[in-house]
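Residue numbers (our numbering), protein chains in the order written: chain A, 1 to 705; chain B, 1 to 111.
Backbone N, C-alpha and C define an ideal beta-carbon position, used for all residues, glycine too.
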């Protein structure tokens with residue numbers, strides 16, 4: 001620890017915990033204003049402290065990073081120790097600012113959105129609790145503490161998805177999210193065990209410390225020829241954990257259902273912060289992943305598949321929040337893909353811009369839902385442009401940003417990923433092609449949402465019909481949430497406390513991309529340079545492992561990615577950029593054509609390709625397939641083997657059997673107590689005779705000896 | 001001089017008669033008498049052994065006469081007398097309530 005200033009990073013997560021404790025323990029007696037004050041005060045303080053810490057650390061000299069502080073040991077055995085330690089480098093700087101900043105804005109918004117809901121104090125206590133765990137996650141200096149945050153955000157997510165716990169679908173969605181996440185956590189745990197086994201530590205490591213033996217330091221010292229080894233397995237296990245938290249194939253199924261939670265929760269946890277924890281973890285583990293090229297390849301493949309798969313599912317959804325949920329899954333796929341081609345900084349860049357525009361999309365959608373008194377089905381919306389202008393304009397900015405309109409945040413981060421895909425080592429052009437198609441689909445479904453919600457005529461009582469009823473429409477039921485449906489005809493703009501965060505986020509959605517303007521647009525790609533010290537790309541690894549020039553026989557473990565060389569060819573990059581903008585334009589055009597110009601067309605098209613449409617509408621029957629292939633057999637196995645067989649058969653059988661046996665033997669022995677004195681006497685005599693016979697036999701044998 | 005074994009055989013016969021009487025008789029008074037017979041059979045073996053031991057000890061130049069065998073017999077007699085008193089009292093009590101001396105009828109405690 002070379003920094004002279006003590007940053008007291010531990011304060012950042014503990015402040016929201018204090019808020020959660022106060023609101024959670026005492027909030028029942030507080031007035032709503034008091035609850036909001038406590039929640040906002042501690043979150044704002046945490047945000048302020050984070051800004052101060054980042055500023056101090058950065059101005060204190062970037063070369064002194066990472067800043068590490070330790071507050072004693074948590075687990076301490078002879079061979080392994082895990083400290084309560086915090087770690088601030090460029091990567092956690094970005095994360096901590098996004099989490100506290102966006103988190104604070106969403107807290108403000110929630111004051112308006114949740115004003116009429118029951119359990120107001122409970123909501124803010126959970127939200128603050130989430131902030132605590134998320135900040136622990138991003139600031140931890142070892143995998144174990146990171147895992148504590150990881151599990152904690154899962155808990156907070158569970159509590160908040162099931163916030164309207166009287167509604168069965170919400171309670172079920174909470175359970176689903178928790179269980180699916182647990183499956184991923186299993187992989188994460190195995191990955192950590194592998195790291196402990198081989199490195200004996202889970203600390204990230206401190207490059208400034210002499211004799212540092214953190215995981216990353218040890219990884220970088222490994223010989224170059226480890227190849228397809230345990231490191232790849234460990235990386236894949238970590239990746240599996242990330243697929244659970246970041247909703248990637250095969251564990252993405254929980255995220256769309258998580259939309260049962262209140263909308264601010266969807267914005268904060270299931271779009272901006274928690275679901276990006278997996279991306280953060282992979283970027284944090286870049287030293288490991290860069291040494292395991294096969295694992296990276298699989299990460300890229302999964303991200304690519306998830307991106308396009310989720311985008312197609314998003315096209316057919318009619319629930320406004322579900323469209324955004326699939327959009328989130330798809331965008332997370334982009335980030336995964338970026339990590340997979342070792343463009344970690346591009347992934348984190350997209351994470352940051354996505355946090356702004358996706359939080360904005362969700363909050364604006366929440367504003368729409370609020371205005372309509374709980375209506376979530378887009379087919380009952382329409383024509384809202386004039387009625388809720390602030391929401392409309394901020395949502396427009398967010399839509400443009402996610403669709404990749406030039407100049408906005410999403411354009412720069414997505415283009416960065418596309419360019420790096422194209423230049424990437426693993427089937428780069430194929431990845432790029434899929435990513436571009438996904439960009440087109442993104443543009444289509446986002447403008448579809450935009451047109452359906454804000455344009456056309458008002459249709460609050462639209463007959464949804466039966467064939468089109470999405471399986472998810474029950475989610476729109478306002479039964480459990482306090483938005484009063486009766487006044488839905490009186491559409492009203494949301495209060496300022498909800499509008500203000502929208503405006504701030506809209507500004508963020510425009511400017512947050514400007515830190516990553518590529519060279520060919522006269523920018524400096526600052527974010528990439530900024531994150532450079534915190535991550536290790538395969539190129540870094542290769543350059544470090546490169547043998548001396550005289551040794552011609554050996555080759556580097558992996559050819560360095562020719563990023564710079566590719567980027568030099570500005571023509572290629574211009575072409576890529578133009579292509580993605582054009583594709584986004586095509587997406588916009590089709591959305592305009594189908595959902596604005598000729599509204600009868602979608603029905604005719606869906607009628608024509610009914611089978612395909614139904615498949616997409618039912619999300620490719622993935623939930624059903626999981627239910628049939630995994631849940632049902634597991635339930636059957638548990639019921640027949642573990643419950644009826646092991647529990648009832650073996651365990652209950654042993655206990656009951658012992659009791660039964662005692663009863664049976666007792667029943668037999670009972671008959672000896674006949675009440676006949678002479679039979680008792682006979683037993684006594686027989687016993688005496690037996691004793692005498694034994695003694696005789698004994699003495700005879702003794703004599704015989 | 002009658003050898004020790006004769007006394008012991010007599011004692012064993014008396015004891016066995018007592019056991020058989022205890023097991024085979026139904027009249028509770030007879031059973032009681034069988035118990036006394038067993039006790040006295042044991043007493044007989046006690047005094048026989050004591051006498052035998054005394055003779056051999058005298059021969060072996062010691063002038064101390066161990067009396068434990070005889071003393072044990074007195075103990076047994078005392079206990080037998082006490083037992084007879086209590087036992088007869090019980091028998092009278094049983095007879096007053098059950099009006100029988102047949103032990104097979106006195107089986108309230110079974111099952």
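Query: Hey, does residue 692 of chain A have any beta-carbon neighbour from chain B nearer than 7 Å?; Result: no
Query: Taking the straight line between their C-alpha atoms, what separation do you get for residue 369 of chain A and residue 43 of chain A?; Result: 26 Å
Query: Just to confirm my understanding: we take residue 84 of chain B, look at its own chain, exclude 5 residues before and 5 after, and list those with CB closer than 6 Å. What are they?; Result: none
Query: Compare the C-beta of residue 665 of chain A against all C-beta atoms of chain B and say whether one is closer than 7 Å.; Result: no
Query: Using three-state DSSP, classify residue 461 of chain A as helix, strand or coil.; Result: coil
Query: Using only the alpha-carbon positions, how far apart do residue 502 of chain A and residue 643 of chain A sit?; Result: 52 Å
Query: Taking the alpha carbon of residue 104 of chain B as the reference point, which residue from B/51, B/18, B/22, B/54 has its own alpha carbon closest?; Result: B/22
Query: Just mark residue 75 of chain A as buried or exposed, buried being the case when its beta carbon has 16 or more other beta carbons within 10 Å.; Result: exposed
Query: Under 7 Å between C-beta atoms, does residue 182 of chain A make it to chain B?; Result: no
Query: The stretch 87 to 105 of chain B: which residues have C-beta closer than 7 Å to a C-beta of chain A, in chain order?; Result: 103, 104
Query: Count Cβ pairs between the stretch 278 to 297 of chain A and the stretch 236 to 246 of chain A that sit closer than 8 Å; are there 3 or more?; Result: yes
Query: Quick one: give me the first and last residue of the alpha helix (DSSP H) that residue 390 of chain A is part of.; Result: 389 to 403
Query: List, in order along the chain, the chain B residues whose C-beta lies closer than 7 Å to that of residue 760 of chain A?; Result: What the structure shows of chain A is the stretch from 1 to 705, and residue 760 of chain A is not part of that stretch, so it cannot be assessed.
Query: Let me know if residue 603 of chain A comes out buried or exposed under the rule of 16 or more other beta-carbons within 10 Å of its beta-carbon.; Result: exposed
Query: How is residue 2 of chain A classed by DSSP in three states: helix, strand or coil?; Result: Its pLDDT being 46, under 50, residue 2 of chain A is placed unreliably in this model, and the value from its coordinates should be taken loosely. Looking at residue 2 of chain A - three-state DSSP - the assignment turns out to be coil, as it is neither helix nor strand.
Query: Quick check: what's the CA-CA separation for residue 14 of chain A versus residue 128 of chain A?; Result: 10 Å
Query: Is residue 452 of chain A near residue 403 of chain A, with beta carbons less than 7 Å apart?; Result: no
Query: Locate the beta strand (DSSP E) running through residue 82 of chain A, then write down its first and last residues.; Result: 81 to 88
Query: Alpha carbon to alpha carbon, how far is residue 259 of chain A from residue 266 of chain A?; Result: 6 Å
Query: Quick one: is residue 168 of chain A buried, meaning 16 or more other Cβ sit within 10 Å of its Cβ, or exposed?; Result: exposed
Query: With DSSP run on the structure shown, which of helix, strand or coil describes residue 43 of chain B?; Result: helix
Query: Starting from residue 42 of chain B, find everything on chain A with Cβ-Cβ shorter than 8 Å and list it in chain order.; Result: The contacting residues do not exist; residue 42 of chain B stays about 12 Å from chain A at best.
Query: Consult DSSP for residue 656 of chain A and reduce its assignment to one of helix, strand or coil.; Result: helix
Query: Thinking C-beta only, is residue 461 of chain A closer than 7 Å to residue 784 of chain A?; Result: The requested residue 784 of chain A is not part of the displayed model; chain A covers only 1 to 705.
Query: Compute the Euclidean distance between the alpha carbons of residue 158 of chain A and residue 595 of chain A, then round it to the nearest angstrom.; Result: 36 Å
Query: Determine, for residue 49 of chain B, whether the minimum Cβ-Cβ distance to residues of chain A falls below 7 Å.; Result: no
Query: Counting C-beta neighbours from all protein chains within 10 Å, is the total for residue 570 of chain A 16 or more, i.e. buried, or is it exposed?; Result: exposed
Query: Put residue 485 of chain A into one of helix, strand or coil per three-state DSSP.; Result: Because the pLDDT of residue 485 of chain A is 43, which lies under 50, any placement of that residue in the model is unreliable, and the number read from its coordinates should be weighed accordingly. In the structure shown, residue 485 of chain A sits in a helix (DSSP, three-state: H, G or I).
Query: In terms of DSSP beta bridges, what is residue 76 of chain A paired with?; Result: A/81
Query: From the DSSP output, in three-state form, read off residue 429 of chain A for me.; Result: helix
Query: List the residues of chain A whose Cβ lies closer than 9 Å to the Cβ of residue 76 of chain B, in chain order.; Result: Within chain A, no residue comes near residue 76 of chain B; the closest Cβ sits about 17 Å away, beyond 9 Å.
Query: So which residues of chain A does residue 73 of chain B contact, with C-beta pairs closer than 9 Å?; Result: The premise fails here: residue 73 of chain B is roughly 21 Å from chain A at the closest Cβ pair, so nothing lies under 9 Å.
Query: Could you have a look at residue 720 of chain A and say whether DSSP puts it in helix, strand or coil?; Result: Chain A is shown from 1 up to 705; residue 720 of chain A falls before or after that span and cannot be answered.
Query: What distance in whole Å lies between the Cβ atoms of residue 161 of chain A and residue 174 of chain A, which are believed to be in contact at a cut-off of 8 Å?; Result: 4 Å
Query: Residue 595 of chain A by DSSP, collapsed to three states: which one?; Result: helix
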